[in-house]
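Read the sequence shown against this note's numbering and you will find it ends at 254, with the numbers running on by one and no gaps.
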Amino acid sequence: MLQTNSKTAVNKRPESLLDVKMHYCPGCGHGIVHRLVAEVMDDLDIRKRTIGVAPVGCAVFSDHYFNCDMIQGPHGRGPAIATGLKRAKPECMVFSYQGDGDLASIGMAEITHAAARSENITVIFINNTIYGMTGGQMAPTTLVGQKATTCVYGRDPKVNGYPIRVSELLAQLEGARYLERTAINTPQNIMKTKKAITKAFKNQIDGVGFSLVEVLSTCPTNWGMDPVASMQFLATDMMKHYPLGVYKDVNGGK
Numbered sequence: 001m002l003q004t005n006s007k008t009a010v011n012k013r014p015e016s017l018l019d020v021k022m023h024y025c026p027g028c029g030h031g032i033v034h035r036l037v038a039e040v041m042d043d044l045d046i047r048k049r050t051i052g053v054a055p056v057g058c059a060v061f062s063d064h065y066f067n068c069d070m071i072q073g074p075h076g077r078g079p080a081i082a083t084g085l086k087r088a089k090p091e092c093m094v095f096s097y098q099g100d101g102d103l104a105s106i107g108m109a110e111i112t113h114a115a116a117r118s119e120n121i122t123v124i125f126i127n128n129t130i131y132g133m134t135g136g137q138m139a140p141t142t143l144v145g146q147k148a149t150t151c152v153y154g155r156d157p158k159v160n161g162y163p164i165r166v167s168e169l170l171a172q173l174e175g176a177r178y179l180e181r182t183a184i185n186t187p188q189n190i191m192k193t194k195k196a197i198t199k200a201f202k203n204q205i206d207g208v209g210f211s212l213v214e215v216l217s218t219c220p221t222n223w224g225m226d227p228v229a230s231m232q233f234l235a236t237d238m239m240k241h242y243p244l245g246v247y248k249d250v251n252g253g254k
C-alpha cells in the first residue's frame, strides 16, 4: 500500500535513507523528519543531484543516514555553505538541515542574510526549544518558564529575553519566498510536514528562491520527559507560542 502521492511504501525504507541504526534518543523527532526528507527526495527523483548540509547539532551525523552527498559544516554556517554549493553547482538541489540552537543562535546572521538574498536553497529547521547535543542549555527558542541547564528555574524574560519566532522574523524579509511551520506530533501534522518539505524542494526546482520549513519537534531527554509527555508538551505549550501555518508563500498554492 502506497502513501498518497508518494513513491515510497509505508512499510519500506526510502531509497534516499540508508539502512543504518540512528543515534537519536527515543522519542526524538529527527528520525521522523529524516524519513520525510528522504521520501521527498524519492518522490521528486532528485536524490542523485542533491547535496545536504549538516552543521553542528544532534543532526550533525545525518550524513550517516541520507543516501545523498552530504557536507558537515561549522556551527550555524549551514546557509552560507549551502549558498556556496548552490551558486557553484546550480543544477544541484541543496538543503541545510539545522536545529534551533544552530540556526537561531550562532547562525542567525547566516540564515537572515541567506533569506534576504533569496538564495535558491531549502532549509529544514528543527525547533525543539533547547540545545540537544551539548547538554540541554537554553536555546533562543526556549519557552518562557521552560527549564534548561542554564536556566534551572525556567526562562525569565527579564534576564534572558523572549523566545525568538524564526518564521515570523524571516517573513519580514522581501527575499524570503516560502516559510511554513509544521509539527510531528500527530499523523496529520506529519503529513502536512511532508507536504511543506515537498513544496520547499519544488520551489528550488522552479527557481522560486529561499524556502524554509520550521518543524516543531521533541527532545524528551533534555526536557526530562518520557516520549508521550513530550508530544503533549509540544501540543499544549509549544504550539501556543509557535502557531502552525504558512507565514509566507509568494508562489501561492503552486
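C-beta atoms are modelled at their ideal positions from N, C-alpha and C, and glycine is treated no differently. Remember, predicted model here, so these are calculated numbers, not experimental data.
**Message:** When you compare the CB positions of Pro79 and Ile51, do they come within less than 8 Å of one another, or not?
**Reply:** As a working note, residue 79 is residue 79 in the sequence shown. As a working note, residue 51 is residue 51 in the sequence shown. Remark: C-beta atoms of Pro79 and Ile51 do not approach each other more closely than 8 Å.
**Item:** Close beta carbons around Thr4, own chain, < 7 Å, minus the five adjacent residues each side
**Value:** Stepping through the sequence shown from its first residue, residue 4 is reached at position 4. Per-residue confidence for Thr4 stands at a pLDDT of 45, beneath the threshold of 50, marking its modelled position as unreliable; the derived number appears in the next sentence. So the list is empty, once near-sequence residues are dropped.
**Cβ pair count under 8 Å reaching 3, the stretch 205-217 against the stretch 152-164** = no
**Message:** Alpha carbons only, please: which of Gly175, Arg87, Asp102 is nearest the one belonging to Gly73?
**Reply:** Here residue 73 corresponds to residue number 73 of the sequence shown, with the count starting at 1. The residue with the shortest Cα to Cα distance from Gly73 is Asp102.
**Item:** 8 Å Cβ cutoff met for Ile126 and His23
**Value:** Sequence index remark: in the sequence shown, residue 126 carries index 126 (1-based). Sequence index remark: in the sequence shown, residue 23 carries index 23 (1-based). Ile126 places its beta carbon 8 Å or farther from that of His23.
**Prompt:** Nearest CA to the CA of Leu173: which residue from Thr141, Gly224, Val159, Glu119?
**Reply:** Counting from 1 along the sequence shown, the entry for residue 173 is found at position 173. Of the candidates Thr141, Gly224, Val159, Glu119, the one whose C-alpha sits nearest the C-alpha of Leu173 is Glu119.
**Request:** Specify the secondary structure class of Met239 as computed by DSSP and reduced to three states.
**Result:** The residue you call residue 239 lines up with position 239 of the sequence shown. Met239 falls in the helix class under three-state DSSP.
**Prompt:** Which ranges does the beta strand (DSSP E) cover as unbroken runs of at least 3 residues, wholly within the stretch 31-105, from first to last along the chain?
**Reply:** 50-54, 69-72, 93-99
**Among Phe201, Thr182, Thr221, Thr193, nearest to Met239 - alpha-carbon criterion** = Residue numbering aside, residue 239 sits at position 239 when the sequence shown is read from its first letter. Cα-wise, what sits closest to Met239 is Thr182.
**Message:** Using the Cβ count rule (16 or more neighbours within 10 Å means buried), how would you classify His64?
**Reply:** The sequence position of residue 64 within the sequence shown is 64, counting from 1. Result: exposed.
**Message:** Going by beta-carbon coordinates alone, are Tyr178 and Lys248 separated by less than 8 Å?
**Reply:** Position 178 of the sequence shown, counted from the first residue, corresponds to residue 178. Position 248 of the sequence shown, counted from the first residue, corresponds to residue 248. Annotated as proximal: Tyr178 and Lys248, with beta-carbon spacing under 8 Å.
**Message:** Could you compute how far the alpha carbon of Thr198 sits from the alpha carbon of Gly99?
**Reply:** Counted from its first residue, the sequence shown places residue 198 at position 198. Counted from its first residue, the sequence shown places residue 99 at position 99. For Thr198 and Gly99, the distance between alpha carbons rounds to 19 Å.
**Request:** For the stretch 144-215, list the alpha helix (DSSP H) runs that are entirely contained and at least 4 residues long, ordered along the chain.
**Result:** At a cut-off of 4 residues, the continuous stretches assigned as alpha helix (DSSP H) that sit fully inside the stretch 144-215 are 157-160, 166-170, 187-205.
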